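Trainee:
Residue numbers (the UniProt record's numbering), protein chains in the order written: chain A, 1 to 387; chain B, 1 to 387.
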């Protein structure tokens, strides 16, 4: 199987060099992925336009938002594919498939974000209006006063949120269409469909748990919060792209299993780092409102730990309070440091990254050197993320 | 092609007889469809249970709601398949595929209803709690006072609505998995995927227009409302099952095209009848709150017509009013009759049914007699629907 073979690029200085050497295209993987995403969305834009200006405008706004990401997930897929695939697969039709599946994974991410934003009632993403915020802004500009001109319960905000739900559905369907149609050998196509199914199930269960924890439906124990973290983020952010790369490269199931275990470690570390960034760094760094997690009463692992300490009675009254102020935010932040919650979560991040490192080094034989190299770099870049 | 052949059942008294004669199973199509739906949902229930009691309970409640429908769409598919398929396809693996696709279409309907209910903020469907209402009821029973026990913006209603969004996503994904995996010849599988894609796009555009019209984003002209009606309901309720039956039966594209044109006529007639039922019959008959369409300011074709008459200034002030009463409802109903809106929409329904009838009788050769028979019965049953 291709996944077991040594790749020609293993001796090159960086994975990017290896990918470049192997790729007939003059484009960088990033540009290739951007082109695929644009093509997928543009083809639909032409169709949307046939249904009149309102839907065409919604699709155009959505399409623009969908293309603003850092492409973490699709780049991970393409990098891993280039590292895993046998030389004859790199630069082949199979690589075109990898690019399309990578683009679809970015669209899946966007569709999750859209429904998350509806659920969290967010209007911003990384400091700029998300699709809902953008549709709201456009409609208020048209209406002048921000009021619906006619009867009915709705108005611009209802319109914008409803469109967020519907465009999320359209994007989710698009992802499935790409996976379902990819001209791959039947066995690989079914493995990818299984993987997509597993990923979507876990992401939905994770988001459901996130809502359930924050709304007080489920008891916010540390173990439940950590499991939610794994389900909601780790599966689709790391496990999906890395396993999809393995399937597309024709890796044997043993390789795919080894990669999945490593990916889960990365995923939990990454999400815990996000929680730390949200809680302890400035909004310049994370692009959200300052203290938004504390304001919303979000049940992160940091909070779940603090809950078990004697600091909690001092934090609880202001956590998620209706009249929350930035002063409350600064006070909670200081208490979370003092009670050891910050340190505990940092040590958990270390633990997961160390475990990932160990898995990378001990699964010898199952992973080709180029992929080992790529994964070690990933550990390194995640370690540097700790600001 | 099978779709062009005369079927053995054409001389039998009813389509049901024909189907029974051709089916090796001892079950009625209705029971066969129910069994397929149950199997699809149960397989997922086992998986949901692995993620703990909260999600397991959400899935169990969703599964129960999904199984409460009249099965209009899947029965249409299976009936049409039995009428269209050559004898060797009836009772074959192909018929098993038709049953699974039929079950998936019912799940698609449920997923649309879930997101519609979130958008419309409905807690009831046909007079009983929908999934959101059911989750809310269960949570309030647990909480006692209906208040979230902890901080955060949410509470039982936020939890129930968010679950509605997420379960809708899970169901939409499930539908795609069924279509993507069905072991059919490649060409048929792709035709079905195209049809699913077309259907979902039109349904989303239609729902988006429905929201846009009600929220005052789009001008509520009669033509726009009629187009919304076709997109939102006709495509997935009639075009999808009838065309899917044609594809599964191996009908030539000409037959599929003829069926699609007839289906669109049925679909618009059916939705206009629904609007008439909602507006002019008692809640015993339609299972919704009395006058809910007037209360919500819903932009139906009835209202779009009334808007063009001198009666409108008398209707407008109470239509969708925040303090709407049943007395307002009765008054609006009387005004809609007096201004001719009711009569106009009834004549539109007649027009669409007559056009469907004409298409059925003039597309000779393209439709096998058993299907012609089935479609004529459908016209008849839709004509009887006019209470």
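Here a beta-carbon is modelled for each residue, glycine too, at the ideal position from N, C-alpha and C. Quantities reported herein were computed from a predicted structural model and do not represent experimental measurements.
Hey, residue 279 of chain A and residue 315 of chain A: beta-carbon distance below 7 Å or not?
Mentor: No, they are not a contact pair.
Trainee: According to DSSP, is residue 156 of chain A helix, strand or coil?
Mentor: Three-state DSSP puts residue 156 of chain A in a helix.
Trainee: Let me confirm a value: residue 86 of chain A is counted as buried when at least 16 other C-beta atoms fall within 10 Å, else exposed. Which label applies?
Mentor: Classification of residue 86 of chain A: buried, given that the 10 Å Cβ count is 16 or more.
Trainee: Scan the stretch 120-141 of chain B for residues whose Cβ lies nearer than 8 Å to a Cβ of chain A and list them as they occur along the chain.
Mentor: Flagged, chain order: 121, 139.
Trainee: Taking Cβ-Cβ distances below 7 Å as the criterion, which residues of the stretch 42-59 of chain A are in contact with chain B?
Mentor: Listed in sequence order: 47, 51, 54, 55, 58.
Trainee: Please confirm if residue 65 of chain A has its CB atom under 7 Å from at least one CB of chain B.
Mentor: Taking Cβ atoms only, chain B never reaches closer than 7 Å to residue 65 of chain A, which makes this a no.
Trainee: Report all residues from its chain with a CB closer than 8 Å to the CB of residue 106 of chain B; omit the five preceding and five following residues, and keep chain order.
Mentor: The answer, listed in chain order, is 33, 37, 66, 69, 71, 73, 74.
Trainee: Please identify the residue among A:313, A:358, A:349 whose C-alpha is closest to the C-alpha of residue 336 of chain A.
Mentor: Checked all of A:313, A:358, A:349; the closest Cα to residue 336 of chain A is A:313.
Trainee: Please report the Cβ distance between residue 291 of chain B and residue 267 of chain B, rounded to the nearest whole angstrom; I am assuming they are in contact, meaning their Cβ atoms lie under 8 Å.
Mentor: Not confirmed; about 25 Å, so no contact.
Trainee: Please identify the residue among A:163, A:357, A:189, A:269 whose C-alpha is closest to the C-alpha of residue 346 of chain A.
Mentor: Measuring from the Cα of residue 346 of chain A, the nearest candidate turns out to be A:269.
Trainee: Could you tell me which of A:253, A:296, A:304 sits nearest to residue 272 of chain A, measuring between CA atoms?
Mentor: Of the candidates A:253, A:296, A:304, the one whose C-alpha sits nearest the C-alpha of residue 272 of chain A is A:304.
Trainee: Taking the straight line between their C-alpha atoms, what separation do you get for residue 361 of chain B and residue 122 of chain B?
Mentor: Answer to the nearest angstrom: the Cα atoms are 41 Å apart.
Trainee: Should residue 158 of chain A and residue 215 of chain B be called a contact, given that it needs their Cβ atoms to be closer than 7 Å?
Mentor: Taking 7 Å as the Cβ cut-off, residue 158 of chain A and residue 215 of chain B qualify as a contacting pair.
Trainee: Quick check on the DSSP output: the alpha helix (DSSP H) that includes residue 216 of chain A runs from which residue to which?
Mentor: Segment: none, residue 216 of chain A is in no alpha helix (DSSP H) and carries neither H nor E.
Trainee: For my contact list, residue 202 of chain A and residue 231 of chain A are in at a C-beta cut-off of 8 Å; report their separation, rounded to the angstrom.
Mentor: Residue 202 of chain A to residue 231 of chain A, Cβ: 5 Å. Contact.
Trainee: In chain order, what residues of the same chain lie with their CB nearer than 7 Å to the CB of residue 130 of chain B, ignoring the 5 residues before and after it?
Mentor: Closer than 7 Å at Cβ, skipping near neighbours: 65, 117, 122, 123, 124.
Trainee: Listing by chain order, which chain A residues have their CB less than 8 Å from the CB of residue 292 of chain B?
Mentor: Within chain A, no residue comes near residue 292 of chain B; the closest Cβ sits about 11 Å away, beyond 8 Å.
Trainee: Please state whether DSSP places residue 125 of chain B in a helix, a strand or coil.
Mentor: It is a strand residue.
Trainee: Kindly confirm or deny that the stretch 38-52 of chain A and the stretch 325-344 of chain A touch, where touching means at least three C-beta pairs closer than 8 Å.
Mentor: With the cut-off at 8 Å, the stretch 38-52 of chain A and the stretch 325-344 of chain A do not touch.
Trainee: Using a Cβ-Cβ cut-off of 7 Å, state whether residue 172 of chain B counts as contacting chain A.
Mentor: It does: the Cβ of residue 172 of chain B has a partner Cβ on chain A nearer than 7 Å.
Trainee: Measuring only the C-alpha atoms, how far is residue 451 of chain A from residue 160 of chain A?
Mentor: Given a span of 1 to 387 for chain A in the structure shown, any question on residue 451 of chain A remains unanswerable.
Trainee: Which same chain residues, not among the five before or five after residue 218 of chain B, have their C-beta less than 7 Å away from its C-beta?
Mentor: So the qualifying residues of the chain are 209, 212, 224.
Trainee: Out of B:233, B:250, B:168, B:133, which one is the CA nearest neighbour of residue 185 of chain B?
Mentor: Nearest C-alpha to residue 185 of chain B: B:250.
Trainee: Verify the CB distance criterion: does residue 215 of chain B have a CB-CB separation below 7 Å to chain A?
Mentor: Answer yes: the Cβ-Cβ gap between residue 215 of chain B and chain A drops below 7 Å somewhere.
Trainee: Could you tell me which of B:164, B:29, B:41 sits nearest to residue 132 of chain B, measuring between CA atoms?
Mentor: Among B:164, B:29, B:41, the Cα nearest to that of residue 132 of chain B belongs to B:164.
Trainee: Counting only C-beta atoms, is residue 207 of chain B closer than 7 Å to chain A at any point?
Mentor: Yes, residue 207 of chain B counts as interfacial toward chain A.
Trainee: What is the rounded straight-line gap between the Cα of residue 94 of chain A and the Cα of residue 42 of chain A?
Mentor: Cα to Cα, the separation comes out at about 23 Å.
Trainee: Are the beta-carbon atoms of residue 354 of chain A and residue 324 of chain A separated by less than 7 Å?
Mentor: Not a contact, by the Cβ cut-off of 7 Å.
Trainee: Can you tell me whether residue 236 of chain A is helix, strand or coil according to DSSP?
Mentor: Helix, per DSSP.
Trainee: Are the C-beta atoms of residue 154 of chain A and some chain B residue less than 7 Å apart?
Mentor: Yes, its Cβ sits closer than 7 Å to a Cβ of chain B.
Trainee: Relative to the C-alpha of residue 263 of chain A, which residue among A:98, A:297, A:234 is closest?
Mentor: The option with the nearest alpha carbon to residue 263 of chain A is A:234.
Trainee: Looking at chain A, is there any beta carbon in it that lies within less than 7 Å of the beta carbon of residue 204 of chain B?
Mentor: Chain A, which has a Cβ nearer than 7 Å to the Cβ of residue 204 of chain B, makes this yes.
Trainee: Examine chain B for any beta-carbon lying closer than 7 Å to the beta-carbon of residue 304 of chain A, and answer yes or no.
Mentor: Cβ-Cβ to chain B under 7 Å: no for residue 304 of chain A.
Trainee: Nearest chain A C-beta to residue 146 of chain B closer than 7 Å, yes or no?
Mentor: With a pLDDT of 45 at residue 146 of chain B, under the threshold of 50, the modelled position of that residue is not reliable, and the figure given next carries that caveat. It does not: the Cβ of residue 146 of chain B has no partner Cβ on chain A nearer than 7 Å.
Trainee: Which complete alpha helix (DSSP H) runs does the stretch 288-365 of chain A hold, if anything under 4 residues is left out?
Mentor: Fully enclosed alpha helix (DSSP H) runs of 4 or longer: 292-296, 301-307, 312-315, 326-338, 341-362.
Trainee: What residues of chain B sit near residue 310 of chain A, judged by a beta carbon separation below 7 Å?
Mentor: Within 7 Å Cβ-Cβ: nothing; residue 310 of chain A doesn't reach chain B, min ~19 Å.
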